[in-house]
Structures are given as structure tokens and as C-alpha cells.
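Peer 1: Starting off with a structure, shown below.
Number of protein chains: 2
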Amino acid sequence: MATSGAGVTRTDGVHARLREDILGGVLSPGQRLKFPELCRRYDTSVGAAREALTRLASAGLVRSQAHQGYVVTPLSVDDLAELTVARVQIECLVLRMSVSDGDVRWEANAIAAHHLLERAPYLDPDNPARSTADWAAAHAAFHEALLAGCANRRLREVAIGLRDEAELYRQWSITPAKAKGRDVAAEHRAILEASIARDVDVAVRLLGEHISTTSKLLIDSAVE
Amino acid sequence: MATSGAGVTRTDGVHARLREDILGGVLSPGQRLKFPELCRRYDTSVGAAREALTRLASAGLVRSQAHQGYVVTPLSVDDLAELTVARVQIECLVLRMSVSDGDVRWEANAIAAHHLLERAPYLDPDNPARSTADWAAAHAAFHEALLAGCANRRLREVAIGLRDEAELYRQWSITPAKAKGRDVAAEHRAILEASIARDVDVAVRLLGEHISTTSKLLIDSAVE
DNA sequence: ATTCAAACAACTTTCGAAAGTTGGGTCAAC
DNA sequence: GTTGACCCAACTTTCGAAAGTTGTTTGAAT
Numbered sequence: 526m527a528t529s530g531a532g533v534t535r536t537d538g539v540h541a542r543l544r545e546d547i548l549g550g551v552l553s554p555g556q557r558l559k560f561p562e563l564c565r566r567y568d569t570s571v572g573a574a575r576e577a578l579t580r581l582a583s584a585g586l587v588r589s590q591a592h593q594g595y596v597v598t599p600l601s602v603d604d605l606a607e608l609t610v611a612r613v614q615i616e617c618l619v620l621r622m623s624v625s626d627g628d629v630r631w632e633a634n635a636i637a638a639h640h641l642l643e644r645a646p647y648l649d650p651d652n653p654a655r656s657t658a659d660w661a662a663a664h665a666a667f668h669e670a671l672l673a674g675c676a677n678r679r680l681r682e683v684a685i686g687l688r689d690e691a692e693l694y695r696q697w698s699i700t701p702a703k704a705k706g707r708d709v710a711a712e713h714r715a716i717l718e719a720s721i722a723r724d725v726d727v728a729v730r731l732l733g734e735h736i737s738t739t740s741k742l743l744i745d746s747a748v749e
Numbered sequence: 526m527a528t529s530g531a532g533v534t535r536t537d538g539v540h541a542r543l544r545e546d547i548l549g550g551v552l553s554p555g556q557r558l559k560f561p562e563l564c565r566r567y568d569t570s571v572g573a574a575r576e577a578l579t580r581l582a583s584a585g586l587v588r589s590q591a592h593q594g595y596v597v598t599p600l601s602v603d604d605l606a607e608l609t610v611a612r613v614q615i616e617c618l619v620l621r622m623s624v625s626d627g628d629v630r631w632e633a634n635a636i637a638a639h640h641l642l643e644r645a646p647y648l649d650p651d652n653p654a655r656s657t658a659d660w661a662a663a664h665a666a667f668h669e670a671l672l673a674g675c676a677n678r679r680l681r682e683v684a685i686g687l688r689d690e691a692e693l694y695r696q697w698s699i700t701p702a703k704a705k706g707r708d709v710a711a712e713h714r715a716i717l718e719a720s721i722a723r724d725v726d727v728a729v730r731l732l733g734e735h736i737s738t739t740s741k742l743l744i745d746s747a748v749e
């Protein structure tokens with residue numbers, strides 16, 4: 526009989542924790558991921574770690590080279606530029622479909638996600654140069670909710686996959702000073718409102734600018 | 526020192542052969558892939574087969590369910606419809622960029638790939654209801670060459686990934702009777718010419734129609 | 001000093017058997 | 001005849017040790 530519960534495998538656990546640590550910056554870009562070390566850290570076996578890494582590699586979070594092991598995907602200005610172009614194209618496409626297809630339930634979920642985002646604490650009290658993990662999660666959830674109206678699973682997943690990759694660049698934290706004059710909350714509100722109002726062109730334009738601006742600030746903060 | 530050569534691992538081999546067999550229809554959609562069987566067939570171990578399957582799962586060619594193993598991705602009309610929409614959107618986007626960015630070398634490669642496609646035998650002498658594997662390879666290479674001008678690796682890879690998934694549906698072979706009145710070769714020529722002439726809008730329109738038409742014929746042939 | 005080869009250490013890849021899970025089938029109780 | 005618990009076979013998942021690879025270091029020969 527199907528056990529009511531998770532249907533979870535041990536590899537899933539390692540995959541999830543490894544992913545967290547990579548996106549959370551515990552393991553930094555370019556860092557080599559050796560099996561002996563991973564097995565100790567996640568209390569698991571080579572096989573499980575290997576499968577987790579294989580999956581992360583397909584998602585673009587780690588890179589592998591035959592017989593030379595795995596590495597957390599290295600960051601570069603050029604790569605961020607490429608990633609940004611891809612994201613603007615895809616996310617705008619998917620948002621367009623989302624706004625066209627989304628029903629009233631989609632509207633409700635987007636509004637709810639936005640509310641949570643507005644209430645999430647932005648800056649870490651301990652380390653004011655970096656945004657909190659909670660805010661990052663709420664941010665991701667909001668953008669995901671915006672796209673959720675798109676009925677096409679594949680396109681949605683491509684958009685979210687690219688968004689995930691971009692999370693790696695959160696390592697290049699933007700100091701509040703750097704983002705001076707920017708009101709991220711206002712941008713989110715505007716995108717939400719245009720979407721709910723079914724103002725497709727405006728919503729798409731605002732989202733594109735939102736992504737590009739974030740990327741540009743990241744690049745500026747990296748160059749210095 | 527890095528050995529000049531392949532840098533190939535045993536898993537890569539199994540992955541490639543398994544992929545071939547899935548796309549070639551040796552393993553049919555919905556079929557369960559049991560490890561004992563796979564190990565015999567590809568003369569390998571559980572671990573290697575497992576990693577190959579993990580990779581194929583990320584590419585969408587197989588599906589996995591915890592503790593119930595792997596299955597060749599099942600086909601359905603609904604799924605083909607969704608896949609087609611995604612492909613039209615993404616491939617048209619990437620072709621647009623390809624035609625804008627591609628240099629003269631890109632033109633040359635596209636023309637070369639088209640020449641090979643025109644010369645490839647279309648129908649299998651043994652089984653005239655099905656196109657040959659050689660033609661399918663040349664067809665894929667031509668479409669890939671068309672997109673190769675797009676400088677954005679990620680977008681290119683998304684497009685090619687979706688194209689790969691669609692290859693699964695080649696199982697639903699179109700009998701020549703069904704495609705009566707269609708001149709696929711002419712469609713390819715027209716797409717190529719518009720692309721080389723940098724007629725972006727025409728090229729994109731033709732490509733979109735090309736993909737949609739193929740899909741429509743497949744759906745018709747499946748329903749009967 | 002420089003070059004080359006051989007030996008080494010650390011790691012990655014591969015394997016096959018042990019442990020765990022699932023779904024089905026059997027048998028007794030009602 | 002139906003229900004429910006138990007058992008069994010087949011498979012998936014997990015493990016840790018064996019085999020193979022890479023890059024480096026050492027030492028002899030030019």
C-alpha cells in the first residue's frame with residue numbers, strides 16, 4: 526500500500542540541503558565539492574551525494590568535469606549579463622501568458638504573496654549589508670506567484686529555473702548605499718497592480734526593467 | 526596533465542545509448558525501466574544506470590517516482606499541445622535573436638546543414654511509414670544550425686532541450702498519406718532563405734507555422 | 001639548470017551486495 | 001463471500017570498498 530506520507534528518498538534530502546547551502550552562500554561559487562567532505566558534512570554516502578550533484582548540475586547550480594569532480598558554478602559579469610538577457614526574455618513571455626490566462630484565484634494568490642513580501646524584513650539586523658533569507662524566500666514566492674497564471678508548465682519551469690540560477694548572484698550583495706534612490710517595494714507594487722489590472726504591456730515592461738535594474742546594480746557592485 | 530582525449534566516463538556511454546534507444550523507439554513511451562533489465566542490456570551496474578536515468582529525467586525523457594522506479598515519459602495529445610506552444614514561443618524567440626546576431630559563418634553552417642538535409646533519404650525503404658534515423662538526425666542538425674547564431678547559450682539550450690523532448694513524439698509516425706499536400710522540403714528552404722536574407726519577421730512566421738503544422742499532423746494521426 | 005619518467009597521494013568513478021520499500025497474493029476469521 | 005492481516009517476491013535505494021584517474025612530487029639523466 527502507498528504509505529500516506531512523503532515518498533521521500535534520502536537523496537532528496539541531500540539534494541535539498543546542498544541546494545540550500547549553495548544558494549545561501551555557505552558553499553561559495555568556484556568552490557570544489559569533494560565527496561569525502563560532502564559525505565561527512567551531510568552524513569551520507571558517495572552514491573547519494575553523487576546523485577544530488579547530478580541533479581544540481583542539470584539545474585546549473587554546479588558544474589562537473591569528468592574525473593575532476595564538481596564545483597559550485599563560478600560567477601562572472603559576462604555570465605550574469607547573459608543570464609539577465611535570458612531571464613528578461615523568458616519571464617516577460619511567461620508573465621504575458623500569465624496575465625492573459627490567469628484566473629481570479631491567480632490574482633488572489635499573487636496579492637497574498639505580495640502582502641507577505643511587503644511584511645518580510647528586508648535587511649538582516651546582524652549584517653545590514655545583506656538581505657535576509659526570509660525576504661529572499663518571500664521575494665522568490667512573489668515572482669513565482671506572478672508567473673503561476675501561465676498554464677504552460679514547461680514555460681513556467683524554464684522561467685523559474687533561470688530565476689533559481691540568478692539566485693546564485695545574491696552573493697554579490699548590494700549595499701543599501703548602492704541601491705540609493707531605488708524603491709524595490711514600489712516596483713513590486715507596480716508590477717502587481719498592472720498585472721491584476723490586466724495591463725499586459727505595462728506589467729511586462731515593468732518586470733523587464735525590474736530584472737534589468739537588479740542585474741545592473743549587481744554588476745556595478747561587483748566591478749568595484 | 527589533462528589527457529588530450531575524450532574525458533569520457535562510463536555513465537556517459539550508458540546515458541547516450543539509453544537516450545538513443547528512447548528516441549529511436551526501441552524503448553517505448555510508458556514502458557517501465559527496471560534496473561536488473563537495464564544492467565543486462567547495457568552491460569553495466571546499477572549505479573551507472575541510475576545516474577544516466579537521473580540525467581534523462583532532467584531532460585524530460587524519463588519520469589521517476591520514488592520507490593517505483595523510472596518510466597519512459599508517456600505521450601499524450603494534451604502534452605504534445607503544451608509542448609508545441611512552448612516550442613513555438615521559444616524557438617521563434619531564439620530564431621529572432623539568431624537572425625539578428627548571426628555572422629557570415631552562421632549563414633554558411635546553416636546552408637551546409639540544409640544541403641545535408643536535402644540530400645538525406647526521407648523514407649525508410651524497409652518501412653515506408655516512417656522516416657529514417659538519418660533524416661531525423663539531419664533534420665535536428667538543420668534546425669540547430671538555424672538557432673546557432675543566437676549568442677545566448679542558455680536560450681539556445683532551452684530551445685534545443687524542448688526540441689529533444691518533441692522527438693519522443695516521432696513515435697506517432699505520420700504516414701505519407703496523412704501529410705498529403707505538404708512539402709516539408711519547401712518549408713525548410715523557405716525558412717533558410719528568409720533567415721539568410723535577414724527577413725526576421727518572415728523567418729519567424731514560417732518557423733512557427735512549420736512547428737505547428739508538424740504537431741497538428743501528429744495529433745491528427747494519433748487520434749485516429 | 002632542465003627534462004623526463006616513474007611513484008605517490010588524493011580523489012573520482014564503478015561496482016555488487018545489503019537494506020528497505022512496494023504491491024500483490026495467500027490464508028484465516030467473520 | 002468479504003474483510004483484514006500477514007507474508008513473499010521483485011524491485012529500488014543505499015552503502016562502502018575496489019578500481020581507475022589525475023596532478024604533483026621526487027629523483028635520476030642530460
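Residue numbers (the working numbering), protein chains in the order written: chain A, 526 to 749; chain B, 526 to 749.
Even for Gly, the Cβ is constructed at its ideal location relative to N, Cα and C.
Could you check whether A/Q614 and B/L558 sit closer than 9 Å to each other, using their CB atoms as the reference points?
Peer 2: Taking 9 Å as the Cβ cut-off, B/L558 and A/Q614 do not qualify as a contacting pair.
Peer 1: Distance cutoff 9 Å, beta carbons only. Does B/R542 sit that close to anything in chain A?
Peer 2: no
Peer 1: Which chain B residues sit within Cβ distance under 9 Å of A/A611?
Peer 2: N677, R678, R679, L680, V683
Peer 1: Listed from N- to C-terminal order along the chain, which residues in the region 566-584 of chain A have their beta-carbon within a distance smaller than 9 Å of any beta-carbon of chain B?
Peer 2: G572, R575, E576, T579, R580, A582, S583, A584
Peer 1: Look up A/Y595 in the DSSP assignment and say whether it is helix, strand or coil.
Peer 2: strand
Peer 1: Report back the beta-carbon spacing between B/D609 and B/S737 to the nearest angstrom; my notes put them in contact at under 8 Å.
Peer 2: It should be noted that the sequence gives Thr, not Asp, for residue 609 of chain B. The Cβ separation is near 6 Å, so the contact holds.
Peer 1: Going by CA-CA distance only, name the one from A/A747, A/F560, A/L548, A/E562 that's closest to A/A584.
Peer 2: A/L548
Peer 1: Which whole-angstrom value describes the C-beta separation of A/P646 and A/V597, a residue pair presumed to lie in contact below a C-beta threshold of 8 Å?
Peer 2: With a Cβ gap of about 27 Å, A/P646 and A/V597 do not count as contacting.
Peer 1: Just to confirm, is the Cβ distance from B/S740 to B/S623 under 9 Å?
Peer 2: no
Peer 1: Based on Cα-Cα distance, which residue from A/T569, A/L552, A/R565, A/L731 lies nearest to A/E718?
Peer 2: A/L731
Peer 1: Is A/V533 buried or exposed, if buried means 16 or more other CB atoms sit within 10 Å of its CB?
Peer 2: exposed
Peer 1: Note down, one range per segment and in chain order, each alpha helix (DSSP H) of at least 4 residues found wholly within the region 683-746 of chain B.
Peer 2: 709-721
Peer 1: May I have the straight-line CA-CA distance separating B/V539 from B/A574, to the nearest angstrom?
Peer 2: In a straight line, the C-alpha of B/V539 is about 7 Å away from that of B/A574.
Peer 1: Using the beta-carbon count (16 or more within 10 Å), is A/R688 buried or exposed?
Peer 2: buried
Peer 1: Please list, in chain order, all residues of the same chain as A/A638 whose beta carbon is under 7 Å from its beta carbon, the five residues on each side excluded.
Peer 2: A666, F667, A670
Peer 1: So what does DSSP say about B/R588, is it helix, strand or coil?
Peer 2: strand
Peer 1: With DSSP collapsed to three states, give me the class of B/L642.
Peer 2: helix
Peer 1: Kindly indicate if chain B contains any beta-carbon less than 9 Å away from that of A/A591.
Peer 2: yes
Peer 1: Taking the alpha-carbon of B/A662 as reference, which of B/R644, B/N652, B/L581 has the nearest alpha-carbon?
Peer 2: With distances taken between Cα atoms, B/A662 lies closest to B/R644.
Peer 1: Three-state secondary structure (DSSP) at A/S553?
Peer 2: coil
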